[in-house]
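So the sequences go chain by chain: X and L. All residue numbers for the first sequence refer to the numbering used here, where the first residue is 1 and numbers rise by one. All residue numbers for the second sequence refer to the numbering used here, where the first residue is 383 and numbers rise by one. Heads up, the beta-carbon is just placed ideally off N, CA and C, and yes, glycines get one too.
Number of protein chains: 2
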Amino acid sequence: MREVAIVSAGMTRFGELWESSLRDLFVEAATEALENAKVDRIDSIYVGNMAAGQFVGQEHLGPLMADHLGMAGVAATRVECACASGGVALRSAFLEVASGASDLVLATGVEKMTDGADVTAVLATAADQETEAYHGITFPGLYAMIARAHMQAHGTTDEDLAWVAVKNHLHGAKNPKAQFRREVKLEEVMKSSMVSEPLRLLLCSPVSDGAAAVLLCPLDQAKKYTDRPVKIRGVGFATSSMALADRKDTAFLDSVALSAERAYKMAGIGPKDVQVAEVHDCFAIAEICCIEALGFVPRGEGRHAARTGLTGLGGKIPVNTSGGLKSKGHPVGATGIAQAIEIFEQLRGDAGERQVRGARIGLAQNMGGSGASSVVHVLERV
Amino acid sequence: MREVAIVSAGMTRFGELWESSLRDLFVEAATEALENAKVDRIDSIYVGNMAAGQFVGQEHLGPLMADHLGMAGVAATRVECACASGGVALRSAFLEVASGASDLVLATGVEKMTDGADVTAVLATAADQETEAYHGITFPGLYAMIARAHMQAHGTTDEDLAWVAVKNHLHGAKNPKAQFRREVKLEEVMKSSMVSEPLRLLLCSPVSDGAAAVLLCPLDQAKKYTDRPVKIRGVGFATSSMALADRKDTAFLDSVALSAERAYKMAGIGPKDVQVAEVHDCFAIAEICCIEALGFVPRGEGRHAARTGLTGLGGKIPVNTSGGLKSKGHPVGATGIAQAIEIFEQLRGDAGERQVRGARIGLAQNMGGSGASSVVHVLERV
Numbered sequence: 001m002r003e004v005a006i007v008s009a010g011m012t013r014f015g016e017l018w019e020s021s022l023r024d025l026f027v028e029a030a031t032e033a034l035e036n037a038k039v040d041r042i043d044s045i046y047v048g049n050m051a052a053g054q055f056v057g058q059e060h061l062g063p064l065m066a067d068h069l070g071m072a073g074v075a076a077t078r079v080e081c082a083c084a085s086g087g088v089a090l091r092s093a094f095l096e097v098a099s100g101a102s103d104l105v106l107a108t109g110v111e112k113m114t115d116g117a118d119v120t121a122v123l124a125t126a127a128d129q130e131t132e133a134y135h136g137i138t139f140p141g142l143y144a145m146i147a148r149a150h151m152q153a154h155g156t157t158d159e160d161l162a163w164v165a166v167k168n169h170l171h172g173a174k175n176p177k178a179q180f181r182r183e184v185k186l187e188e189v190m191k192s193s194m195v196s197e198p199l200r201l202l203l204c205s206p207v208s209d210g211a212a213a214v215l216l217c218p219l220d221q222a223k224k225y226t227d228r229p230v231k232i233r234g235v236g237f238a239t240s241s242m243a244l245a246d247r248k249d250t251a252f253l254d255s256v257a258l259s260a261e262r263a264y265k266m267a268g269i270g271p272k273d274v275q276v277a278e279v280h281d282c283f284a285i286a287e288i289c290c291i292e293a294l295g296f297v298p299r300g301e302g303r304h305a306a307r308t309g310l311t312g313l314g315g316k317i318p319v320n321t322s323g324g325l326k327s328k329g330h331p332v333g334a335t336g337i338a339q340a341i342e343i344f345e346q347l348r349g350d351a352g353e354r355q356v357r358g359a360r361i362g363l364a365q366n367m368g369g370s371g372a373s374s375v376v377h378v379l380e381r382v
Numbered sequence: 383m384r385e386v387a388i389v390s391a392g393m394t395r396f397g398e399l400w401e402s403s404l405r406d407l408f409v410e411a412a413t414e415a416l417e418n419a420k421v422d423r424i425d426s427i428y429v430g431n432m433a434a435g436q437f438v439g440q441e442h443l444g445p446l447m448a449d450h451l452g453m454a455g456v457a458a459t460r461v462e463c464a465c466a467s468g469g470v471a472l473r474s475a476f477l478e479v480a481s482g483a484s485d486l487v488l489a490t491g492v493e494k495m496t497d498g499a500d501v502t503a504v505l506a507t508a509a510d511q512e513t514e515a516y517h518g519i520t521f522p523g524l525y526a527m528i529a530r531a532h533m534q535a536h537g538t539t540d541e542d543l544a545w546v547a548v549k550n551h552l553h554g555a556k557n558p559k560a561q562f563r564r565e566v567k568l569e570e571v572m573k574s575s576m577v578s579e580p581l582r583l584l585l586c587s588p589v590s591d592g593a594a595a596v597l598l599c600p601l602d603q604a605k606k607y608t609d610r611p612v613k614i615r616g617v618g619f620a621t622s623s624m625a626l627a628d629r630k631d632t633a634f635l636d637s638v639a640l641s642a643e644r645a646y647k648m649a650g651i652g653p654k655d656v657q658v659a660e661v662h663d664c665f666a667i668a669e670i671c672c673i674e675a676l677g678f679v680p681r682g683e684g685r686h687a688a689r690t691g692l693t694g695l696g697g698k699i700p701v702n703t704s705g706g707l708k709s710k711g712h713p714v715g716a717t718g719i720a721q722a723i724e725i726f727e728q729l730r731g732d733a734g735e736r737q738v739r740g741a742r743i744g745l746a747q748n749m750g751g752s753g754a755s756s757v758v759h760v761l762e763r764v
C-alpha cells in the first residue's frame, strides 16, 4: 500500500444556509480544496452523503457533483453510512490512492437538511427500520437510552452531560465556521427544554447544512501541492449490531472501540499518543462514550473529562476543538470530513484561537446511527 | 496494485419477491457466495443500493447487512450510483483488495422495489432534480428522447428496438434466475402498450426485487477458494453531464465510451477481444447505444445487431446472455453485480443453456441515470 497524505481542505460554514442548495454547498467546499492545492484536474471524487434522496429528492450524487464542479467525466462515487458517511468517504478515497489506481482523489461530504423534510424521521432511517424506526423511536430516544444506561452503570449525572456542551460551545465560539459561535453556561444547558429525558436541547447537535472536502494524494507527491502535508497514518472502520437492543452493553460503543483498535494498530500507536481529537458528539452522552471507547479515559470515567478540563483546550487531550457536532453543527454527511479538516488544521498549526500547541498526531472519529458504524482516522504532521 | 480475482458468487432469483424483505434478499445472496467459497470470515463488505431510504425507509445498509449476515464488526460500506450502484460497489471492493488493505471482500448489490413506494418517482431522483425531475420527467421519458435522437441521427426504427427485447427474452428464457423466463415475439413487443413514445412496455425493464454478491480476493490467493477463479483484468468508471440536455450528442452515451476506454486500457485489450458481454439495457435503446459506445459495432450501427444475430447466442459478440435487465429483471442496486455474475459463470463454463463456448474474456457494463455514470469491468478466465 502506498502512503497517503491530505494536502488541502475546503469547507463551507455550517448552519441553516437557506441561500445555498445541496450542489452549491458541495461546489463551494470542493472548489476551495482544489484552489488551495492549485489543482484543476483530479482522478476521482467521493461524496459522503446520508440522505439527499429523502431530504431533497436527489440520489446519484457522484455524477451530479462532478458535473457541477466542472469535472464531468471523472470517477465519482457516493458513499452512505448514515452520520459516518463523510468518514467512510475519506476511507474510500484513502484506499483508492493507497491502491495506486489514482493519484489525486477528492474526499467530500455534504448534507442539505433544512429544505423542508421531516428531519427527525429521515434521520431515523439510519436506525433499524424493522425493530426500531417502525415502532416510532428516533435518535434522541436511542441516545437517551444510552445515557440512562451510562448513568446506571457509571453514575453519570445530568451535570456531567452538561459540561460536555459547555466545553464544546467554548471551543466552537472560537470557530468562524461554527453554526453556534457562542458560549453557553452550565445552568443554561441544564435548564434548556427537555427533548428526550435525560437529553435536553443543549445536549443535542443541531440540524445543519454544510459541505467539506479534502484532497488526497500519495505522500511522496504531497510536496507538489503543499509545504505542510498531513499523513493518514491509520484507518479503522468497524460495525456493530444495528439495533441498540442487540448490543451486549448499551453504555459501551463497541464499534468505536473496534474501529480505534484497527486504526491504532495500522498507525502503530496507542491512545496516549493522540494529542488532539475530534469525536462524534451528536449528543453529549456520545462524546462521553466515545472517549472511553477510544481509550482516552478508562471505561466509566468519561463523565469527568469535560468538567475537569482533561478534554478542553489546554487539557491533556483536547477533544472537539472545532466545537464538535454540538456547536459547529452536524450536516450529517459532511461531518466526518469536517472532523478530519479540524485535525488537518491543528496539525498544520492553522487552528488560530483553537490551536493545540505542538500537536503532531491527531485523531478523527465519526459514527453512524446509535453506533452501528464507526470510522477512525489517525493523522500525523510530516 | 495487487491483481484481484472473483472466486465465488451468490444471487437470488429476480422478480416480485413479496415474501422477502430487503435484508432477507441480501442475506440469501451473500450467504450463497460465502458458502460457495467455504468462507465464514471476511474483511469487508460493499453494498450497492440505490434508494432503500426512499423504497423501504432504510439507510445505513452497511452495518445492517453485516449484522444480519452474522458479521457485525466487519467494515461495511454502502455505495450509491443510481442503477450503477452494483457496478460501483464491485469497483470499490476491487480497490480495497488491490490496495492490500483487505484480502476477502464481498461486493454485493440489493434492491427491494415492490414494497409500495412510487417506483417511477423514486427512480427519477437519479435524474437532475433541479432541471429534470422537478419538471416532471421520469426515465421512460428521458430514454424516449435518447431513442428519438438515435432514430433521427441513424435511422433506427421501432422494429430495431423490438429485436433487442426479442433477443433478450430469448436469452432470459434460458435463465432460471430471470424474472420473465419466457420468449416474446416481435409483433408482441411492437403491439405492447405505449409507455413513452417510442418506448413500449416490452422495450422497458421491469420493477424487480433481488440481490447478488461476489467474493473477491487477491489473485494469488484465489486457488484457496475455487479451482476456477476469474480475474478482474480491467476496471473503468466515468461520469457525464447529469442532465440529458447538457450532452453534446443525445444519441451517444459518452460516459459508457469513456468508462470502456479506461477499462480496455487497464486490461490491455480492445473491444474485439471481448467474447461475451452484459450491458445496461434498462430500455432497448440503451443496449443499442451501449454496444456502440463500447466499440462492439461502429457508431450508428447498433440498431442492426440484435436483428442480424450479431449480439445473440451463437453470434460474434453475444450480449446480455442472462436476459439482460429486460428479461432477467432490474432490481437497480443489484444489477451491476448480477451482470458480473453472468460473465463470471460464462467464463467458468457454468452458464448452462446460455453458455458461450470457449469464452475467455468477458465484459460487464453498468450505467446510472440517463448515462450520467457508467462502470465497466473486464473479466478473464485464468
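Secondary structure of Ala-178/X (DSSP, three-state): coil. Annotation: Leu-170/X is outside any beta strand (DSSP E); the continuous alpha helix (DSSP H) that includes it extends over 158-172. For the stretch 230-245 of chain X, residues whose beta-carbon sits nearer than 7 Å to a beta-carbon of chain L comprise Phe-237, Ala-238, Thr-239, Ser-240, Ser-241, Met-242.
Where Asn-366/X is concerned, the enclosing beta strand (DSSP E) starts and stops at 361-368. Take the alpha-carbon of Val-195/X and the one of Ser-755/L: they are about 42 Å apart. About 7 Å separates the beta carbons of Ile-42/X and Met-71/X, which is inside the 8 Å limit, making them a contact pair. Every beta strand (DSSP E) of 3 residues or more that sits fully in the stretch 562-594 of chain L is shown, in chain order, as 576-578. For Phe-619/L, the three-state secondary structure derived from DSSP is strand. Taking a Cβ-Cβ cut-off of 8 Å, Pro-218/X has no neighbours in chain L, whose nearest Cβ is about 12 Å from it.
Only residues of its own chain outside the window of five on either side were considered, and among them Asn-168, His-169, Gly-172, Ala-178, Phe-180 have a CB closer than 6 Å to the CB of Ser-327/X, listed in chain order. Residue ranges of uninterrupted beta strand (DSSP E) with 3 or more members are absent from the stretch 280-307 of chain X; none lies entirely inside it. A check of alpha carbon separations from Leu-199/X across Trp-163/X, Lys-223/X, Ala-211/X identifies Trp-163/X as the nearest.
Put simply, the CB of His-377/X is far from chain L, with every gap to its CB atoms at 7 Å or more. His-759/L is bridged by DSSP to Val-617/L, Ala-746/L.
If you check each beta-carbon in the stretch 427-448 of chain L against every beta-carbon of chain X, the ones closer than 7 Å belong to Met-432, Ala-433, Gly-435, Gln-436, Val-438, Gly-439, Gln-440, Glu-441, His-442, Gly-444, Pro-445, Leu-446, Ala-448. Taken in chain order, the members of the stretch 458-469 of chain L whose beta-carbon sits within less than 7 Å of a beta-carbon on chain X are Ala-458, Thr-459, Arg-460, Val-461, Glu-462, Cys-463, Ala-464. One finds nothing in chain X with a Cβ atom closer than 9 Å to the Cβ of Thr-717/L; even the nearest lies about 14 Å away. Ala-415/L is not a Cβ neighbour of Gly-397/L, given a cutoff of 7 Å.
Lys-494/L has its alpha-carbon roughly 9 Å from the corresponding atom of Ser-402/L. For Ala-746/L, no Cβ of chain X is located within less than 7 Å of the residue's own Cβ.
Along the length of the stretch 456-512 of chain L, whole alpha helix (DSSP H) runs at least 4 residues long occupy 467-481, 501-505, reported in chain order. Within the same chain, Phe-139 come within 6 Å of Leu-123/X by CB-CB distance, once the 5 residues on both sides are set aside. Distance check between Asp-540/L and each of Asn-702/L, Ser-590/L, Leu-584/L places Leu-584/L closest, using alpha-carbon atoms only. The residues Arg-615, Gly-616, Ala-645, Ala-649, Leu-745, in chain order, have a CB closer than 6 Å to that of Val-760/L in the same chain once the five nearest residues on each side in sequence are set aside. At a C-beta separation below 8 Å, Ser-755/L has these neighbours in chain X: His-60, Gly-62, Pro-63, Ala-76.
Between Glu-660/L and Ile-725/L, the beta carbon gap of about 6 Å places them in contact (Cβ cut-off 8 Å). Residues of chain X whose Cβ lies closer than 7 Å to the Cβ of Glu-478/L are, in chain order, Leu-95. Contact fails between the stretch 46-58 of chain X and the stretch 130-147 of chain X, because fewer than three Cβ pairs, one in each stretch, are under 8 Å apart. Look at Pro-600/L here: in three-state DSSP terms it is strand. C-alpha of Thr-693/L to C-alpha of Val-679/L: approximately 10 Å in a straight line. Between Ser-322/X and chain L, the shortest Cβ-Cβ separation is not below 7 Å. Boundaries cannot be given for Glu-3/X, as no alpha helix (DSSP H) includes it and DSSP labels it neither H nor E.
Contact holds between the stretch 405-414 of chain L and the stretch 433-452 of chain L, because three or more Cβ pairs, one in each stretch, are under 8 Å apart.
Looking at the backbone, the Cα of Tyr-134/X and that of Ala-604/L are separated by about 42 Å. Judged by DSSP in its simplified three-state form, Gly-740/L adopts coil rather than helix or strand. For a cut-off of 8 Å, the C-beta gap from Leu-325/X to Cys-282/X is around 5 Å, short enough to register as a contact.
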